[in-house]
Structures are given as C-alpha cells and as structure tokens.
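Q:
Protein chains: 2
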Amino acid sequence: MAVPDPATLDSVAAHAGVSRQTVSNVLRHPDRVAAGTRERVLTAIRETRYRPSLPARQLATRRAHAIAVRAERTQDGISGLVLDAFYHGLAEAGQDNGLRVLLYAQPADEAAEVALIDELVHTGAADAVVLTATSAADERPAHLRESGTTFCAFGRPWGHDDEPHDWVDVDGAVGTGLAVRHLLDRGHRRIAYLGWPEDGADPSTGTDRRRGWLEAVGAASLDGPPVEARSLNQAAAAEVAVAALLARADAPDAIVCASDTLALGAHRAALAAARSARPATVVGFDATPVAAALGLASVAQPIDQAAHLCIDLLTGRFEAPDRPAQGLLVAPVLHLPS
Amino acid sequence: MAVPDPATLDSVAAHAGVSRQTVSNVLRHPDRVAAGTRERVLTAIRETRYRPSLPARQLATRRAHAIAVRAERTQDGISGLVLDAFYHGLAEAGQDNGLRVLLYAQPADEAAEVALIDELVHTGAADAVVLTATSAADERPAHLRESGTTFCAFGRPWGHDDEPHDWVDVDGAVGTGLAVRHLLDRGHRRIAYLGWPEDGADPSTGTDRRRGWLEAVGAASLDGPPVEARSLNQAAAAEVAVAALLARADAPDAIVCASDTLALGAHRAALAAARSARPATVVGFDATPVAAALGLASVAQPIDQAAHLCIDLLTGRFEAPDRPAQGLLVAPVLHLPS
DNA sequence: GCTCCAAGTTTGAGCGCTCAAACCACCCTA
DNA sequence: TAGGGTGGTTTGAGCGCTCAAACTTGGAGC
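The listed protein sequences derive, respectively, from chains A and B.
If you count the first sequence from 1, position 325 lands on 325 in full-length UniProt numbering, and the numbers rise without skipping.
If you count the second sequence from 1, position 69 lands on 69 in full-length UniProt numbering, and the numbers rise without skipping.
#1: In this structure, does DSSP put B/Thr281 in helix, strand or coil?
#2: Only counting runs of 4 or more residues, tell me where the alpha helix (DSSP H) segments fall wholly within the stretch 170 to 250 of chain B, in order along the chain.
#3: Select from A/Leu131, A/Gly89, A/Arg181 the residue whose C-alpha is nearest the C-alpha of A/His308.
#4: State the Cα-Cα distance for the pair A/Ala237 and A/Ser259, rounded to the nearest angstrom.
#5: Quick check on the DSSP output: the alpha helix (DSSP H) that includes B/Leu42 runs from which residue to which?
#6: Give every residue of the same chain whose Cβ lies closer than 6 Å to the Cβ of B/Met1, excluding the five residues on either side of it in the sequence, and list them in chain order.
#7: Alpha carbons only, please: which of B/His188, B/Asp161, B/Tyr104 is nearest the one belonging to A/Asn97?
#8: List the residues of chain B that A/Val101 touches, going by C-beta distances under 9 Å, in chain order.
#9: Along chain A, in chain order, which residues have C-beta atoms closer than 7 Å to that of B/Gly124?
#10: Under three-state DSSP, which class holds B/Thr61?
#11: Taking the CB atoms as reference points, tell me whether A/Thr61 and A/Leu183 lie closer together than 8 Å.
#12: Can you tell me whether DSSP reads A/Ala159 as helix, strand or coil?
#13: Just reading off the alpha helix (DSSP H) that B/Gly94 is part of, what are its end residues?
#14: Answer with buried or exposed for A/Ala293, where buried requires no fewer than 16 other C-beta atoms within 10 angstroms of its C-beta.
#15: Rounded C-beta distance between A/Asp223 and A/Arg189? I'm assuming under 8 Å.
#16: Any C-beta of chain A sitting closer than 8 Å to the C-beta of B/Ala91?
#17: Among B/Ala306, B/Pro332, B/Ser338, which residue has its Cα nearest to the Cα of B/Cys152?
#18: So with CB distances below 9 Å, who are the chain B contacts of A/Ala244?
#19: Could you work out which residue in A/Gln234, A/Asp169, A/Ala16, A/Thr288 is closest to B/Ser338 when comparing CA atoms only?
#20: I need the DSSP call for A/Ala325, collapsed to helix, strand or coil.
#21: DSSP on B/Arg20, reduced to helix/strand/coil?
#22: Looking only at its chain, what residues have a beta carbon closer than 8 Å to the beta carbon of A/Glu139, apart from the 5 residues adjacent to it on each side?
#23: For chain B, check one thing: does any of its Cβ atoms lie closer than 8 Å to the Cβ of A/His88?
#24: So is the beta-carbon of B/Ile191 under 7 Å away from any non-hydrogen atom of the ligand NAD?
#25: Straight-line CA distance for B/Gly175 to A/Ala300?
#26: List, in order along the chain, the chain A residues whose C-beta lies closer than 7 Å to that of B/Ala266?
#27: With three or more beta-carbon pairs closer than 8 Å as the criterion, would you say the stretch 50 to 64 of chain B touches the stretch 50 to 64 of chain A?
#28: Can you pull out the residues from the UniProt domain "HTH lacI-type" (7 to 61) of chain B whose beta carbon lies closer than 7 Å to at least one beta carbon of chain A?
#29: Should B/Asp171 go down as buried or exposed, given a rule of 16 or more other Cβ atoms within 10 Å for buried?
#30: Measuring CA to CA, which of A/Asp250, A/Ser19, A/Val256, A/Thr205 is closest to A/Ala136?
#31: B/Thr132 CB to nearest chain A CB: under 8 Å?
#32: Thinking C-alpha only, which one of B/Thr22, B/Val82, B/Leu131 is nearest B/Asp286?
#33: Indicate whether at least one CB of chain B lies closer than 8 Å to the CB of A/Leu83.
#34: Residues of chain A with a CB under 8 Å from the CB of B/Gln95: which are they?
#35: Residues of the stretch 232 to 258 of chain B in Cβ contact with chain A at a cutoff of 8 Å, in chain order, please.
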C-alpha cells in the first residue's frame with residue numbers, strides 16, 4: 001500500500017481553503033486567527049495527519065529547539081543511577097518546553113569538550129548545553145561564556161563567583177545537616193563524618209557536605225570534639241578508614257557519609273567492629289538502591305527537580321538573553337530505610 | 001564586537017571562487033572534485049570557519065541524522081541495566097557515524113511511547129529508535145514494525161521469533177556458564193542458582209541466565225541434583241531465600257545469582273550461615289560496584305560493545321532498508337574481585 | 001580537423017517552514 | 001462621504017542545503 005505524501009503546511013492550507021501562513025498561525029499564534037477559521041484549520045490538520053517538519057522550522061527560525069548534555073564515560077557506578085534520573089528529568093522538562101535533549105559522548109578532555117559543544121551549537125544541532133559534573137578547576141564555563149554559548153551548570157561555580165553563570169545545585173550542607181539531626185533525634189551523641197580526601201580545601205561538593213555536618217554537630221554541643229575520616233570514593237578504602245575510626249577511644253556511634261559508596265564501606269566496618277555491641281549507625285548520600293538494600297538512611301538529591309530547574313533557567317534565558325546570571329539551590333530530603 | 005555572519009556554502013564558494021555545489025561536494029563527495037580545487041576549497045572553509053547547517057541538510061535530505069533512545073524513569077534495583085554506559089556507547093558510536101542521539105522521557109505506558117516515537121520520526125527529529133528494556137509482553141516492536149519505523153532493540157525478541165527485527169543482546173547463558181566454570185575451577189561442587197520468580201516460564205532474561213547455569217552444572221556431573229532458589233530482585237528477599245537454601249541438608253557451597261542485588265542478599269545470608277565454616281561463594285551479575293565492594297565475582301555485560309552494535313545495525317539498515325532482520329548476541333565476561 | 005566522451009563544474013529547482021510586509025474588508029469617526 | 005483604524009488573512013522572500021540535470025572543457029580516436 002502506498003503511503004500518502006506527508007502533509008505540509010501548504011497541503012493542509014489547500015485542504016482547509018486558507019493560506020499557508022494561516023495554518024502556521026493556528027499552530028504558533030492561535031490568537032491571530034478568527035475562531036471559526038481556527039476550527040476549520042484544526043479539522044484539516046487532523047484529517048491530513050499533519051506533523052510540522054522540525055528541520056524546516058529550525059532552518060527558518062535559526063533555532064534548534066534542542067539542548068545538549070554529556071553522556072559520561074563509565075563512572076564509578078553506584079551513583080550512575082543519579083545521572084539516569086537527571087537525564088530523565090531533562091528529557092521530561094524539555095518535552096514540556098518544546099526542547100529536545102541531545103546526548104554527546106564525553107570527549108577526552110575539557111578542551112575537546114568545549115570544541116564539541118561549539119560544534120553542536122554552530123551547526124544548529126543545539127541551542128544550549130547543560131554542564132554536569134562541574135568542579136572548581138573546571139575550564140568549561142569560562143570558555144563557554146567567552147564564545148557566547150548559552151549554558152546552565154548542574155553544580156555550583158565553585159570558587160568562581162566573579163564569573164557568574166546560570167546554575168542549579170543541591171544543597172549538600174542541608175543534606176548532611178538533616179542526617180545529623182536525624183541521628184541526634186535517635187539518641188546518637190558522637191556523630192562522625194566520612195568524607196573524601198579533598199574535603200575542606202578548595203570549595204567543592206565535598207566541602208559543602210562536610211560543612212553541613214560540622215555546623216549541625218557544632219550546634220548540638222555534644223560530648224567531645226567532632227571526629228572525622230577521609231577516604232577515596234571506594235567501599236574498600238572506606239571500610240579501612242572507618243575501621244580505624246571505630247578502633248579509637250572516642251569512637252563514634254554514628255557516621256554521616258559523603259556518598260553511598262563510602263556508606264557501604266562504613267557499614268561493613270561498623271558490622272565488623274560490633275561483634276557484640278550495637279553497631280554504629282551509618283547514613284549515606286544519594287539514596288541509591290544500595291543504601292536501601294543495606295537498610296541505611298541516605299540523603300536523597302531531588303534530581304528531577306534540579307533537572308526541571310535547569311530547563312527553566314535555560315528557557316528563561318532564551319527569552320531574555322541579557323538577564324543577570326542566576327543560581328538556584330535545592331534542598332535534599334532524607335530517605336529512611338523502610 | 002560584532003560577530004561576523006556565519007559562513008554558508010555560498011559565502012565559502014565566493015571566497016574560493018567556485019560554485020556552491022563544488023563546496024558541498026568537497027564535503028560530501030570529495031572524489032568528484034579535482035585535487036587542486038579541493039585544496040583551495042578546504043582552505044576557504046578553514047578561513048571562513050564554515051560549519052555546515054544541520055537543519056538545512058536535514059531539510060534537503062529528509063533525514064534527521066539522529067536516533068532516539070528512552071530515558072528511563074527512575075528504576076530500582078542495584079543492577080538492572082546501568083544505562084549511562086549504554087548512552088555513552090550510543091553517543092560515541094553515533095558520533096562516529098554522523099548520528100546524533102536524542103533522549104525522550106519514558107511515557108506512562110507502551111502505547112504512549114509508540115505514539116511519541118511516531119511523533120519524533122514523523123516530525124523529522126529522529127530517523128530511528130533504539131528500544132531498551134524489551135520483554136516478552138512488549139508491544140512496542142510490533143507497533144513499530146507496523147508503522148514502518150526503523151528500530152533496533154537492545155534485548156532479544158523473547159518469544160516473538162516469528163516477527164523478526166534487528167536486535168542486540170548479551171548472552172546471559174554464557175555469563176552464568178562462565179560463573180559456573182569459574183566456581184568449578186576453584187573446587188566448588190555444589191553450585192546453586194538464585195534467580196527471579198518468573199525464571200523458567202516464558203522466555204526471558206531470567207530464563208536465559210538460569211539455562212546457562214543449568215547446562216554448565218549438568219555438564220560437570222556433580223554430586224547431587226542442581227539446587228536453586230528464587231527471589232524478588234531485592235536484597236532482603238534474597239537473603240531470606242538463600243538462608244533457607246543454606247539450611248538444607250544438601251546446602252550448596254556456591255551460588256550463582258541472576259543479579260548483583262540478589263548477590264548482595266545471598267552474600268549476607270552466606271556470611272550469617274557460616275559462623276564457623278567457610279561461607280558459600282557468591283557470584284553476581286552485572287559487575288556493579290556493589291559486587292566489587294563486597295569482593296564478589298560478577299558477570300559483566302559488554303554494554304559499550306552492545307551500543308556500538310546497535311548503531312551498526314541501524315546504519316546498515318539505513319543503507320539497505322530491505323535486508324533481513326538481524327540479531328546479535330555478545331558474550332559477557334567474568335569480573336573477578338581484585 | 002572533426003566528433004565523442006568523461007571528468008569536472010555550474011545551474012535550477014525545491015525541501016517546509018517563518019518573518020515581515022502587504023492586502024482586504026469592514027466599521028468608526030469627522 | 002472621504003479618511004483612518006483594526007482585526008484577519010495572504011503574499012513574497014528567504015533560511016542553507018542537496019539533488020538532478022545541464023553545461024564546459026581538454027584529450028582520445030579516426
């Protein structure tokens with residue numbers, strides 16, 4: 001069976017007995033069309049199964065109606081699901097705003113990535129980019145601003161407040177604060193922190209999470225001084241670090257961790273150390289299925305919300321390219337074991 | 001500073017003193033252009049910083065040069081497909097073949113998804129789709145074939161061999177077979193299987209993995225008959241199931257699991273059961289960081305390779321739309337604990 | 001010296017849409 | 001009754017590319 005030629009603006013117009021432009025107006029500026037005409041055209045659209053051609057629209061408007069986001073090279077995995085959720089959120093929010101989401105493979109380094117983004121934007125494949133996994137040493141934002149590329153970062157401009165750009169981030173300090181208060185409520189009095197090696201130096205996600213713990217613990221005027229340990233983001237390393245912590249005289253009875261990977265290690269160390277007594281309670285970060293499987297509480301990032309806000313910032317900027325840069329912080333929630 | 005108008009085919013042509021079409025040929029059909037001219041044009045392209053306009057090309061060729069893939073709604077389970085790796089593989093392989101990867105948010109149900117895919121294809125946003133998470137009851141392939149949409153599934157057409165389509169899948173049976181042989185090599189003689197409740201009924205991923213275990217165990221002529229247990233894909237449920245298994249008179253000394261989630265539960269049960277003796281060895285599936293953290297061997301799916309093959313099948317089909325459907329199985333490998 | 005051919009190059013047309021400007025009734029005002 | 005509006009609609013032009021067909025050459029062949 002022969003498939004009929006797909007309908008175009010012209011064929012729909014002929015079908016409805018109006019002009020091309022009127023059909024276009026019905027779709028893009030309904031208010032410019034008289035109600036009667038509009039109905040007639042809508043019927044024609046339905047009858048002809050008309051679908052607007054995206055490329056034609058892109059060519060005429062010089063807008064791609066798409067944003068690009070990086071597909072990470074395989075990463076440590078436990079928190080890989082977080083990224084999946086972010087992709088879903090972007091795609092969903094994008095669809096609601098007429099934006100498609102384009103994936104690009106993470107290139108070898110930041111320079112190559114900036115070049116690739118430039119390519120995507122200048123060939124008309126995307127209008128803007130969502131930057132993920134930003135850090136203090138990140139060169140991408142500066143380059144993108146320079147080349148005039150519209151973008152929104154998921155992650156704060158750590159230490160680059162002088163070069164403002166749009167960003168959305170999760171307030172890690174609030175998250176660890178929640179964890180501490182949860183533990184306090186349950187009677188814990190020696191609440192330690194297990195973070196990453198670099199925490200406390202340059203501003204970073206780690207510093208932020210640590211600060212939340214420190215402030216919450218400080219505000220509670222507990223027994224001794226706050227205790228902490230650091231470990232690479234690997235369960236085995238974390239297990240070793242926490243074992244040492246638990247062997248100390250002032251061993252903690254609870255541990256707030258910077259990630260679920262660390263929490264997994266901490267959990268094992270706690271179990272091992274507590275042959276007889278009650279094991280130290282561990283709280284994780286990211287609320288991955290691992291934490292749920294182990295019965296650990298964990299701080300959940302509202303990834304979906306963050307993704308929606310990125311899209312909001314971007315669409316806002318499309319409409320007002322010169323408005324000042326905005327940063328948005330969203331609060332995490334604590335997921336308790338069921 | 002004023003940004004110069006972006007170069008077009010015409011402006012490059014003028015710059016090089018040739019015609020529009022010659023510039024186009026230099027890019028798309030270099031062999032049709034004399035070497036000297038080609039050099040001159042390439043120089044002009046460089047000097048003018050020319051970037052071809054994707055939308056214009058799409059409009060003229062009626063091809064989107066893009067494929068769509070679904071962004072999953074947040075899923076649970078430690079394992080399952082960690083999609084990031086798949087996305088990255090698709091994006092990478094796509095870039096090598098001039099295909100962009102478009103993400104669409106998972107709709108409420110399969111009917112809505114088919115409608116959305118139809119929309120993407122007919123508006124010229126994508127040329128084809130990669131279907132993920134296929135199952136025996138999946139209605140999507142049938143609908144897509146019917147509407148003539150090009151697609152490739154990541155996952156076999158379980159029980160629908162009469163309606164062939166392009167697919168790529170990981171050979172789960174080979175994976176569990178590897179696990180069994182690994183255990184045999186290490187002296188285990190009573191190797192059980194921990195699968196999902198539905199395994200063995202309709203053909204499915206679970207059946208496939210179970211079969212690999214059964215065949216490998218059968219081929220080894222071991223002590224007693226093969227022992228197995230089933231559990232929902234949750235660590236807690238798996239722990240209960242395995243505890244029962246280990247309490248039996250013919251308790252196994254090793255357990256091959258259908259997922260790392262199950263392996264986590266099995267591991268905990270094994271530790272608990274073995275107060276004194278050596279605990280049963282557990283092997284997982286998917287090689288997630290959890291397995292690595294617990295020191296368990298686990299079957300790793302070559303996700304990246306699978307993604308590349310999906311792109312290969314798709315590009316092949318673009319060139320020969322009528323070639324018969326192809327199915328490709330890729331072999332997993334066993335990741336040993338380090 | 002003429003035709004014929006292939007390699008190389010140019011021209012014309014069109015993909016389906018949106019913008020801006022032009023047009024057209026028709027009503028209102030002076 | 002002529003002179004403005006004002007919603008509603010149409011027209012013309014063009015976005016930047018590719019396809020197919022038409023056009024140039026400089027040999028090779030006779």
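For every residue, glycine included, the Cβ atom is placed at its ideal position computed from N, Cα and C.
Just so it is clear, the structure is predicted and the values come from calculations on it, not from any experiment.
A: In short:
#1: The residue labelled residue 281 of chain B in the question sits at position 281 within the second sequence. Correct three-state label for B/Thr281: strand.
#2: Counting only runs of 4 or more residues that sit fully inside the stretch 170 to 250 of chain B, the alpha helix (DSSP H) segments are 172 to 185, 205 to 219, 235 to 247, in chain order.
#3: In the first sequence, the residue the question calls residue 308 of chain A occupies position 308. When each option's Cα is compared against that of A/His308, the closest is A/Gly89.
#4: What you label residue 237 of chain A is simply residue 237 of the first sequence in a count that begins at 1. What you label residue 259 of chain A is simply residue 259 of the first sequence in a count that begins at 1. Approximately 13 Å, taken between the alpha carbons.
#5: The residue given as residue 42 of chain B occupies position 42 in the second sequence. First-last of the alpha helix (DSSP H) with B/Leu42: 35 to 48.
#6: Here residue 1 of chain B refers to the residue found at position 1 of the second sequence. Reliability fails at B/Met1, whose pLDDT of 49 lies under 50, so the model's placement of it is uncertain and no value is given.
#7: Here residue 97 of chain A refers to the residue found at position 97 when the first sequence is read from its first residue. Proximity to A/Asn97 across B/His188, B/Asp161, B/Tyr104 peaks at B/Tyr104, based on C-alpha coordinates.
#8: Along the first sequence, one-based indexing puts residue 101 of chain A at 101. The contacting residues are Ala71, Leu102, Leu103, Tyr104, Ala105.
#9: Residue numbering aside, residue 124 of chain B sits at position 124 when the second sequence is read from its first letter. Those within 7 Å of B/Gly124 in chain A are Ser53, Leu54, Pro55.
#10: Sequence index remark: in the second sequence, residue 61 of chain B carries index 61 (1-based). It is helical.
#11: Here residue 61 of chain A refers to the residue found at position 61 of the first sequence. Here residue 183 of chain A refers to the residue found at position 183 of the first sequence. Going by C-beta atoms, A/Thr61 is not nearer than 8 Å to A/Leu183.
#12: On the first sequence, residue 159 of chain A is found 159 positions in, with the first residue counted as 1. As written in the sequence, residue 159 of chain A is Gly, which differs from the Ala given in the question. Coil, per DSSP.
#13: Counting from 1 along the second sequence, the entry for residue 94 of chain B is found at position 94. Its alpha helix (DSSP H) spans residues 83 to 96.
#14: Counting from 1 along the first sequence, the entry for residue 293 of chain A is found at position 293. Buried.
#15: Position 223 of the first sequence holds residue 223 of chain A. Position 189 of the first sequence holds residue 189 of chain A. With a Cβ gap of about 5 Å, A/Asp223 and A/Arg189 count as contacting.
#16: What you label residue 91 of chain B is simply residue 91 of the second sequence in a count that begins at 1. Cβ-Cβ to chain A under 8 Å: yes for B/Ala91.
#17: As a position in the second sequence, residue 152 of chain B is number 152, starting the count at 1. Comparing Cα positions, the closest option is B/Ala306.
#18: On the first sequence, position 244 is the one that residue 244 of chain A refers to. Those do not exist, as A/Ala244 stays about 18 Å from chain B at its closest Cβ, beyond 9 Å.
#19: Numbered from its first residue, the second sequence carries residue 338 of chain B at position 338. Ranked by how close their Cα comes to the Cα of B/Ser338, the residues A/Gln234, A/Asp169, A/Ala16, A/Thr288 have A/Gln234 in first place.
#20: Mapped onto the first sequence, residue 325 of chain A falls at position 325. Of the three classes helix, strand and coil, the one that applies to A/Ala325 here is coil, per DSSP.
#21: Position 20 of the second sequence, counted from the first residue, corresponds to residue 20 of chain B. In the structure shown, B/Arg20 sits in a helix (DSSP, three-state: H, G or I).
#22: Residue mapping note: residue 139 of chain A aligns to position 139 of the first sequence, counting from 1. Excluding sequence neighbours, A/Glu139 sits near Glu110, Ala111, Val114.
#23: For the purposes of this step, residue 88 of chain A is taken as residue 88 along the first sequence, with counting starting at 1. Yes, contact with chain B.
#24: The ligand content of the structure shown is nil, which means the ligand NAD is not present either.
#25: Counted from its first residue, the second sequence places residue 175 of chain B at position 175. Counted from its first residue, the first sequence places residue 300 of chain A at position 300. Rounded to the nearest whole angstrom, the CA to CA distance from B/Gly175 to A/Ala300 is 34 Å.
#26: Locating residue 266 of chain B in the second sequence gives position 266, counting from the first residue. Here the premise fails: no neighbours, minimum Cβ distance about 12 Å.
#27: yes
#28: The residues in question are Arg51, Pro52, Ser53, Leu54, Pro55, Ala56, Gln58, Leu59.
#29: Here residue 171 of chain B refers to the residue found at position 171 when the second sequence is read from its first residue. Of the residues assessed, B/Asp171 falls on the buried side of the cut-off, its CB having 16 or more other CB atoms within 10 angstroms.
#30: Taking the first residue of the first sequence as position 1, residue 136 of chain A is located at position 136. Taking only the C-alpha atoms, the option nearest A/Ala136 is A/Thr205.
#31: Locating residue 132 of chain B in the second sequence gives position 132, counting from the first residue. It does not: the Cβ of B/Thr132 has no partner Cβ on chain A nearer than 8 Å.
#32: Counting from 1 along the second sequence, the entry for residue 286 of chain B is found at position 286. Minimum Cα distance to B/Asp286 is reached at B/Val82.
#33: Here the question's residue 83 of chain A lines up with position 83 in the first sequence. Yes, A/Leu83 counts as interfacial toward chain B.
#34: Taking the second sequence and counting its residues from 1, the one referred to as residue 95 of chain B is at position 95. Under the 8 Å cutoff, chain A gives Tyr104, Ala105.
#35: Cβ contacts with chain A come from Gln234, Ala235, Ala236.
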